[in-house]
Amino acid sequence: MTDISESSPALVAGQTDLEDVEEALKDVIDPELGVNIVDLGLLYGLRYGDDGALLLDMTLTTAACPLQDVIEEQVENSLGPIVDEWRINWVWMPPWGPERITDDGRDQMRALGFNI
Numbered sequence: 001m002t003d004i005s006e007s008s009p010a011l012v013a014g015q016t017d018l019e020d021v022e023e024a025l026k027d028v029i030d031p032e033l034g035v036n037i038v039d040l041g042l043l044y045g046l047r048y049g050d051d052g053a054l055l056l057d058m059t060l061t062t063a064a065c066p067l068q069d070v071i072e073e074q075v076e077n078s079l080g081p082i083v084d085e086w087r088i089n090w091v092w093m094p095p096w097g098p099e100r101i102t103d104d105g106r107d108q109m110r111a112l113g114f115n116i
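Written out as structure tokens, the structure reads:
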């Protein structure tokens, strides 16, 4: 599950609630697997930095994923209407594994024909 940091400074005017951000990120679909990045477990954490920017700790199913730019563009489209400034911190440790997929993500994958 995503770590929505409790250590972030209190929300200030113009900052979107982190739960709303996480919900918006469910519109970001991994182009190879067809499941959103939240339910795939690719989103490791959300927090606001000291400068007020939203920081997303994310990973990919593999460090060599050729579709990183596509995912970044989808994040921009998803967050643009609700967040003024954001940055992705690409995280490779711990590495992603299928154990990070939520129950909803597993259901979505089964619906797409994956045996998981």
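When we follow full-length UniProt numbering, the leftmost residue of the sequence shown carries the number 1, and every step to the right adds one.
Where a beta carbon is used, it is the ideal one built from N, C-alpha and C, also for glycine.
This one's a predicted model, so the numbers in the text were calculated from it and none came from an experiment.
query: Have a look at Val21, Trp92 and Glu99 and flag the residue whose alpha-carbon is nearest the alpha-carbon of tyrosine 48.; result: Val21
query: Taking all protein chains shown into account, decide if tryptophan 86 is buried (16 or more other Cβ within 10 angstroms of its Cβ) or exposed.; result: buried
query: Cα separation between methionine 58 and aspartate 17?; result: 18 Å
query: When the Cα atoms are used, what is the spatial distance from asparagine 77 to leucine 112?; result: 24 Å
query: May I ask you to report which of helix, strand or coil DSSP gives aspartate 57?; result: strand
query: Return the first residue and the last residue of the alpha helix (DSSP H) that asparagine 115 is part of.; result: No alpha helix (DSSP H) holds asparagine 115; DSSP gives it neither H nor E.
query: On a Cα-Cα basis, can you pick out the residue from Cys65, Phe114, Ala64 and Val83 that is closest to residue 118?; result: Only positions 1 to 116 of the chain appear in this structure, which leaves residue 118 out of reach.
query: Return yes when the Cβ of isoleucine 116 is within less than 8 Å of the Cβ of arginine 100, no when it is not.; result: no
query: In terms of residues, what are the limits of the alpha helix (DSSP H) holding isoleucine 88?; result: Note, isoleucine 88: premise wrong, no alpha helix (DSSP H); beta strand (DSSP E) at 86-90.
query: On the three-state DSSP scale, how would you describe isoleucine 101?; result: coil
query: Tell me the rounded alpha-carbon separation between tryptophan 90 and aspartate 104.; result: 24 Å
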